[in-house]
């Protein structure tokens, strides 16, 4: 069968093929932010966020265990999931670069949310969450987070920022 020639070629090819397949899935770009107990802000870019259920309102998040932000999230237990707009690509660029770590909260308009976590003013949505459960799987930790508060920007303000084929993309409503 055409297109399936790598399926039996070995584990290393399976991982490479899986990575390429995941690039075909458009995913919203979010910043996961947390306030350290000492007051410092920490954060990371993520595209592995999805709704979990409506009752209780909750979201699922997968974070690589090598992430420097994960230990802070585990310790504090309060986060903000910032769903970004296309107008906020400059903010994502800073969070995606280890080299620019010290600049992370100097780019964009930031405020402190009801749970103490920083949120990007103008984000399409900011979900303030309590981490309720974590599960380690493979290289990642899966976090189940109860949504405690939400801040929304009007939906027509800017298109959501997506990650597709290894780079930023924008989503627009299709004419039906």
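Numbering (our numbering), first residue to last: 12 to 187.
By construction, the Cβ of each residue, glycine as well, lies at the ideal position given by its N, Cα and C atoms.
Computed from a predicted model, the values in this text were never measured in an experiment.
Rounded separation between residue i and residue j - CA only
i, j, result
"residue 81", "residue 186", "40 angstroms"
"residue 69", "residue 107", "25 angstroms"
"residue 120", "residue 24", "42 angstroms"
"residue 75", "residue 151", "4 angstroms"
"residue 9", "residue 51", "Outside the displayed range of the chain (12 to 187) lies residue 9, so it cannot be described from this structure."
"residue 116", "residue 177", "24 angstroms"
"residue 104", "residue 26", "26 angstroms"
"residue 60", "residue 155", "10 angstroms"
"residue 148", "residue 180", "29 angstroms"
"residue 83", "residue 141", "13 angstroms"
"residue 48", "residue 85", "12 angstroms"
For residue i: DSSP bridge partner residues
i, result
"residue 147", "152"
"residue 68", "65"
Backbone secondary structure at residue i - three-state DSSP
i, result
"residue 159", "strand"
"residue 40", "coil"
"residue 128", "coil"
"residue 113", "helix"
"residue 141", "strand"
"residue 25", "helix"
"residue 17", "Residue placement at residue 17 cannot be trusted, given a pLDDT of 48 that sits under 50; what the coordinates show is reported in the next sentence. The answer is coil: DSSP assigns residue 17 none of H, G, I, E or B."
"residue 120", "coil"
"residue 135", "coil"
"residue 32", "helix"
"residue 103", "helix"
"residue 95", "coil"
"residue 187", "coil"
"residue 85", "helix"
"residue 178", "strand"
"residue 77", "coil"
Selected residue, minimal CA-CA separation from residue i, among the options
i, options, result
"residue 182", "45, 35, 39", "39"
"residue 172", "98, 111, 104, 83", "98"
"residue 110", "170, 55, 43", "55"
"residue 174", "154, 158, 153, 100", "100"
"residue 67", "159, 170, 102", "159"
"residue 130", "157, 65, 143, 41", "41"
"residue 144", "132, 102, 63", "63"
"residue 153", "96, 72, 170", "72"
Proximity test, Cβ basis, 9 angstroms: residue i and chain D
i, result
"residue 95", "Chain labels in this structure do not include chain D; a single protein chain is all it has."
For this session: Would you check if the segment 89 to 99 and the segment 132 to 141 touch, i.e. whether three or more CB-CB distances between them fall below 8 angstroms?
Result: yes
Exercise. Is the segment 115 to 133 touching the segment 22 to 30, taking contact as three or more C-beta pairs under 8 angstroms?
Worked result: no
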